[in-house]
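Q:
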Amino acid sequence: MDEELKEILSSHNSSLKLEKVPIFGSNFDIFCDCSAKKKRPYIPEAFRRIVFNNIHNLVHPGIRTTTKLLTSKFVWPSINKDARTWARSCIKCQKSSHTTRTESFPAISQCH
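Numbering (full-length UniProt numbering), first residue to last: 1 to 112.
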């Protein structure tokens, strides 16, 4: 159990309501946020970038959509901040982000 998880479990101020949930067919449990209808697993810090990459790198959906996808399925305290930071630093997204430019055509008098 990582230190952040211990802190969340001992804190009464966290908006996360983490509960131990057994993994079906195994002897292991995971902690899930059970504050909403859908249980979302808590992702330890060591695995967050891996989870982000697996979601984001499928289609490079951009900052807002990546954040929505992550927060709908997983939970960790800095998930929104991390998703924004990592999506902004994605080279593939930066290269495909186009600003609309209007090229001006030469005036008729400039044509020869």
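Glycine included, C-beta positions come from ideal geometry on N, C-alpha and C.
Residues in the same chain with beta-carbon distance under 8 Å from Leu-5, minus the five sequence neighbours each way, listed in chain order, please.
A: Here residue 5 is taken as the residue at index 5 of the sequence shown, counted from 1. Cβ neighbours of Leu-5 beyond the five flanking positions: Leu-18, Phe-31, Tyr-42, Pro-44.
Q: So, with DSSP's three-state summary, where would you put Ser-10?
A: The sequence position of residue 10 within the sequence shown is 10, counting from 1. Looking at Ser-10 - three-state DSSP - the assignment turns out to be helix.
Q: Rounded to the nearest angstrom, what separates Ser-83 and Ser-14 at their Cα positions?
A: Numbered from its first residue, the sequence shown carries residue 83 at position 83. Numbered from its first residue, the sequence shown carries residue 14 at position 14. Per the sequence shown, the amino acid found at residue 83 is Ala instead of Ser. Cα to Cα, Ala-83 sits roughly 20 Å from Ser-14.
Q: Bridge partners of Val-21, per DSSP?
A: Locating residue 21 in the sequence shown gives position 21, counting from the first residue. Ile-30.
Q: Around the C-beta of Val-75, are 16 or more other C-beta atoms found within 10 angstroms, so that it is buried, or is it exposed?
A: Start at 1 with the first residue of the sequence shown, and residue 75 comes out as number 75. Counting Cβ neighbours within 10 Å, Val-75 comes out buried, since at least 16 surround it.
Q: Within a Cβ cutoff of 6 Å, which residues of the same chain sit near Ser-35, ignoring the five residues on either side of it in sequence?
A: Stepping through the sequence shown from its first residue, residue 35 is reached at position 35. Closer than 6 Å at Cβ, skipping near neighbours: Lys-17.
Q: Would Ala-46 be called buried (16 or more neighbouring beta carbons within 10 Å of its own) or exposed?
A: Numbered from 1 along the sequence shown, position 46 holds the residue referred to as residue 46. Result: exposed.
Q: Ile-43 lies in the alpha helix (DSSP H); which residues open and close that run?
A: As a first step, residue 43 is located in the sequence shown; it is residue number 43 there, counting from the start. Premise fails: Ile-43 is in no alpha helix (DSSP H) and is neither H nor E.
Q: Leaving out the 5 sequence neighbours to the left and right, which residues in its chain are closer than 7 Å to Arg-48 when beta-carbon positions are compared?
A: Locating residue 48 in the sequence shown gives position 48, where the first residue counts as 1. Hits under 7 Å: Trp-76, Asp-82.
Q: Alpha carbon to alpha carbon, how far is Lys-95 from Leu-58?
A: In the sequence shown, residue 95 corresponds to position 95, counting from 1. In the sequence shown, residue 58 corresponds to position 58, counting from 1. Taking the straight line joining both Cα atoms gives about 16 Å.
Q: Would Arg-88 be called buried (16 or more neighbouring beta carbons within 10 Å of its own) or exposed?
A: One-based indexing of the sequence shown puts residue 88 at position 88. Under this definition Arg-88 is an exposed residue.
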